[in-house]
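Just below is one structure, and these are the notes that go with it.
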Amino acid sequence: MSEQPSASRVVLRAIVACLAASLASLPCVAKGAAESAAPSAVLDCRDPIGAAETPPSDVTVIGGALALRTRRSTRRALQTTATSDPSMPVLRFFAKTPLFVRSATAAQIIVPRKQMGRVAMTWGNSDHDGIATHVFAVEPCRSASKWIVFPGGYFLTRPACIDLIVRVAGDDTRVRIGVGAPCPGQQPPPEPSDS
669 MSEQPSASRV VLRAIVACLA ASLASLPCVA KGAAESAAPS AVLDCRDPIG
719 AAETPPSDVT VIGGALALRT RRSTRRALQT TATSDPSMPV LRFFAKTPLF
769 VRSATAAQII VPRKQMGRVA MTWGNSDHDG IATHVFAVEP CRSASKWIVF
819 PGGYFLTRPA CIDLIVRVAG DDTRVRIGVG APCPGQQPPP EPSDS
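Residues are numbered in the working numbering as their position in the sequence shown, beginning at 1, plus a constant of 668.
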């Protein structure tokens, strides 16, 4: 029978993990034993929720590799809901939004340094999808369709207009996304949206 660690050991491990993350210039998003968020995560290509020959008009295709809802493609900011994941108590809001992936292409979605610790992201349709606080990697997914789509979204400390970097074949593209709050030129999210 394995012994459960005491609460003080769990807190001590979390403190050590946060210190190690800060020394490595990585965000420490959780004040507790954060098992669910990590600096990086990789999309599990199994079980997409849909497929298409072209993405819909409410997403921005970036580098020909993936498509996201951005300030340019949507008139309104994304809706947020309050969340209470004990492993990520600082990230109190979630906005659900799909990720469209072009078959057989690779990309990375990167949280810029100034947003680190305030934003995390996840996509996939499995029981082990990772939550990334810095880099979400999309490796080449094989599909008979040109584009496949995965559920997921963003975790935030508070609703905001966020910046992300999408890297495709070494080229970086900065995108702005209204998550619970509008970016310039956008309207607020549809009601109800937690803030």
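Cβ coordinates follow ideal geometry from the N, Cα and C atoms, glycine included. Model, not experiment: these values are computed from the prediction.
For the beta strand (DSSP E) that residue i lies in, which residues bound it at each end?
i: residue 843; result: 839-847
i: residue 856; result: Run containing residue 856: none; DSSP gives neither H nor E here.
i: residue 708; result: 705-710
i: residue 802; result: 799-806
i: residue 718; result: 718-720
i: residue 742; result: Run containing residue 742: none; DSSP gives neither H nor E here.
i: residue 817; result: 815-818
i: residue 944; result: Given a span of 669 to 863 for the chain in the structure shown, any question on residue 944 remains unanswerable.
i: residue 776; result: 775-778
i: residue 789; result: 787-791
i: residue 735; result: 734-736
Helix, strand or coil for residue i, going by three-state DSSP, please let me know.
i: residue 835; result: strand
i: residue 863; result: coil
i: residue 781; result: helix
i: residue 829; result: strand
Determine the closest residue to residue i out of the options, with distance taken between C-alpha atoms.
i: residue 842; options: 810, 818, 777 and 859; result: 777
i: residue 730; options: 844, 862, 859 and 851; result: 844
i: residue 803; options: 855, 749 and 834; result: 834
i: residue 764; options: 826, 839 and 821; result: 821
i: residue 860; options: 848, 853 and 786; result: 848
i: residue 850; options: 828, 862, 840 and 839; result: 828
i: residue 789; options: 795, 824 and 813; result: 824
i: residue 719; options: 811, 854, 840 and 830; result: 811
i: residue 814; options: 711, 716, 712 and 749; result: 716
i: residue 792; options: 779, 839, 786 and 767; result: 767
i: residue 797; options: 818, 846 and 780; result: 818
Could you give the C-beta distance for residue i and residue j, rounded to a whole number, given that I count them as a contact under 8 angstroms?
i: residue 758; j: residue 806; result: The pair is not a contact, with the Cβ atoms about 25 angstroms apart (cut-off 8 angstroms).
i: residue 726; j: residue 742; result: 5 angstroms
i: residue 705; j: residue 771; result: So it is not a contact: roughly 28 angstroms between Cβ atoms.
i: residue 800; j: residue 735; result: Contact doesn't hold; Cβ gap of about 18 angstroms is too wide.
i: residue 774; j: residue 808; result: 5 angstroms
i: residue 857; j: residue 747; result: 4 angstroms
Does the beta carbon of residue i come closer than 8 angstroms to any beta carbon on chain C?
i: residue 707; result: The question asks about chain C, but that chain is absent: this structure has only one protein chain.
**Message:** Extract the residue ranges of the beta strand (DSSP E) inside the region 745-773, only unbroken runs of 3 or more that lie entirely within it.
**Reply:** 761-764 and 767-770
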